[in-house]
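Everything on this sheet refers to the single structure shown next.
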Amino acid sequence: DWKRSYDFDSAYTEKLSGVAIDEKRQVEILKSLGFDVQGKKVTPPSWRADIQGRADLVEEIVRVHGFDNIPALSVRSGGAVPPPAETENFARVRKARSALGARGLSECVTWSFMKKETARLFGSNDNPALALTNPISSELTQMRPSILPNLIEAAQKNADRGNAYASLFEVGPAFTSAKTDGQKTVAAGVRHTGQGARHWAGNDASRAVDALDAKADAMAALAAAGAPVGNLQVSRDAPDYYHPGRSGSLRLGANVLAYFGEVHPAILDDMGIKGPVAAFEAFLNNAPTVKKRTNARPLLTLSPFQPVQRDFAFLVDDAVEAENIIRAARSADKMIGSIDVFDVYKGKGVEDGKKSVAINVTIQPKDKTLGDAEIEGITKKIIEAVTSKCGASLRG
């Protein structure tokens with residue numbers, strides 16, 4: 001209605017704009033622009049359909065008065081910048097994205113839906129709660145139980161277009177049920193070595209991706225999310241869509257924080273994917289709550305004393321994990337620093353069902369230079385710890 005009228009109050013102009021303008025001057029401005037002012041009522045002209053409220057009247061008055069006549073005032077610091085409203089989950093997502101990007105993976109944003117047949121391969125078990133009532137496409141009929149299928153297909157499309165080494169990740173939701181806890185925030189990624197990949201040193205030097213690549217990616221995402229990666233245990237209970245002998249899970253007690261490994265070749269065949277694919281899924285919701293840290297970090301104290309390195313080769317059963325050997329050796333003494341596995345051997349001189357695992361142990365004294373007797377004492381403690389906890393024997 002072009003005959004609309006609005007209440008006019010000169011005090012409202014100052015309240016809304018912060019500019020004190022004489023009431024007579026406000027009336028003059030409005031009349032000069034064709035407004036009809038009758039007491040406390042203002043009627044816009046028929047050609048000003050853009051005037052839709054009292055705020056528009058104030059805008060017209062201030063515009064003619066001159067924006068350059070508005071005094072510059074400092075905004076109160078308490079209200080100028082609102083405090084950050086980042087939740088813990090959002091912070092984990094942001095940090096995981098940064099960490100995976102730093103490892104050379106490219107971020108993807110894919111559909112949260114997929115084909116029913118593909119979802120079945122990745123653990124949906126034809127759950128009716130995940131089926132869409134009105135899907136937008138026959139290819140997107142079910143909520144995704146895992147992000148991996150979408151990433152694997154994207155990696156293959158890259159390979160088909162000449163990018164034989166595709167490394168992709170996504171941080172988003174995956175769905176297991178219609179319950180409140182049926183949606184998980186997952187950081188997932190794949191590394192794909194497509195057919196036709198070449199290397200300057202020859203085809204033998206073009207190393208295919210493996211489970212350890214995926215494990216390193218998962219550890220990086222969890223570390224960024226605040227998980228105590230130094231305390232995680234590795235087990236072999238990854239889902240069926242991973243390779244049974246080249247996969248595992250990262251746990252904190254009974255809590256599963258991630259799966260990693262090579263995708264099962266049968267799954268890749270069903271999807272029409274060429275070449276090995278290493279993948280991981282890090283469940284950011286399962287990471288323990290990070291304790292608030294103080295602004296000041298403790299002073300880093302470096303030892304001025306020479307470290308001592310010793311090599312050990314232990315004979316253990318095939319089923320014994322190298323991580324268990326490292327944990328046992330580290331528990332022997334507080335002066336033990338880094339421990340690295342540098343050799344795993346099976347063959348001549350090692351009986352069937354056994355393997356030789358060689359580790360390098362760095363002993364870092366903090367108070368004094370160690371003598372031969374002290375070094376020998378720590379060496380014996382390492383051997384005793386590994387033999388008792390892992391059923392090992394020192395290889396001669």
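full-length UniProt numbering numbers the first residue of the sequence shown as 1 and each following residue consecutively.
In this text, a Cβ means the ideal position worked out from N, Cα and C, and glycines have one as well.
Quick caveat: nothing in here was measured; it's all calculated off a predicted structure.
- Proximity of the stretch 270-283 to the stretch 210-219 meets the contact definition, three or more beta-carbon pairs being nearer than 8 Å.
- Per the coordinates, the alpha-carbon of Gln142 lies some 57 Å from the alpha-carbon of Phe8.
- Residue burial annotation: Pro298 is exposed, with fewer than 16 other C-beta atoms found within 10 angstroms of its C-beta.
- By the C-beta criterion, the stretch 107-126 is judged to be in contact with the stretch 236-250, since at least 3 inter-stretch pairs fall below 8 Å.
- For Glu170 against Ile152, the beta-carbon gap comes to about 11 Å, at or over 8 Å, which does not count as contact.
- Residue range Arg54 to His65 is occupied by the alpha helix (DSSP H) that includes His65.
- The three-state reading of DSSP puts Gln26 in helix, counting H, G and I together.
- Exclusion of the five residues before and after Gln183 leaves Pro173 and Phe175 as the residues of its chain whose Cβ lies within less than 6 Å of its Cβ.
- Under the three-state reduction of DSSP, Ile375 is assigned to helix.
- By the Cβ rule, the stretch 250-267 counts as touching the stretch 226-234, because three or more pairs are nearer than 8 Å.
- The beta carbon of Thr118 is closer than 8 Å to those of Pro149 and Met271 in its chain, skipping five residues each way along the sequence.
- In the same chain as Pro128, and ignoring 5 residues on each side of it, no C-beta atom comes closer than 6 Å to its own.
- Annotation: the continuous alpha helix (DSSP H) that includes Lys116 extends over Lys116 to Leu121.
- Relative to Ala329, the option among Cys390, Val64, Ser17 and Leu132 whose CA is nearest is Cys390.
- In this structure, Ile378 places its C-beta atom within 8 Å of the C-beta atom of Ile363.
- Annotation: Ser137 to Pro288 spans about 38 Å, alpha carbon to alpha carbon.
- In the structure shown, Asn360 adopts extended strand secondary structure according to DSSP, grouped into three states.
- Only buried fits Val58, as 16 or more other CB atoms lie within 10 angstroms of its CB.
- Beta-bridge annotation (DSSP): Lys291 is not paired with any residue.
- Our two residues, Leu30 and Arg97, have alpha carbons roughly 55 Å apart in a direct line.
- Taking the C-beta atoms as reference points, Lys381 is found nearer than 8 Å to Asp333.
- Distance from the CA of Thr43 to the CA of Lys179, rounded to the nearest whole angstrom, comes to 56 Å.
- Taking the C-beta atoms as reference points, Leu284 is found no nearer than 8 Å to Leu252.
- Cα atoms of Arg327 and Ala218: separation of roughly 20 Å, rounded to the nearest angstrom.
- With respect to the 8 Å criterion, Leu250 and Gly189 are not classified as neighbours on the basis of their beta carbons.
- Inclusion of His192 and Ala220 in the CB contact set at 8 Å is not warranted, their separation being larger than that value.
- In the DSSP annotation of this structure, the continuous segment of the alpha helix (DSSP H) that includes Ser10 starts and ends at Ser10 to Ser17.
- Setting aside the 5 residues that flank it on each side, Ser356 is surrounded in the same chain by Ala313, Leu315, Tyr345, Val350 and Arg395, each with a C-beta closer than 6 Å to its C-beta; the list follows chain order.
- Around the beta carbon of Ile70, fewer than 16 other beta carbons sit within 10 angstroms, so the residue counts as exposed.
- From the listed residues Ala385, Gly53, His65 and Gly275, the smallest Cα separation to Asp210 is found for Gly275.
- Between Ile61 and Ile21, the C-beta gap is smaller than 8 Å, which places the two residues in contact.
- Apart from sequence neighbours up to five positions away, the residues of its chain that approach Gly337 with a beta-carbon distance below 6 Å are Thr362 and Gln364, ordered along the chain.
- Under DSSP, Asp317 forms a beta bridge with Lys354.
- Closest in alpha carbon position to Asp126, among Pro145, Arg246 and Trp111, is Pro145.
- No residue range can be given for Glu139, since it is assigned to no beta strand (DSSP E) and is classified by DSSP as neither H nor E.
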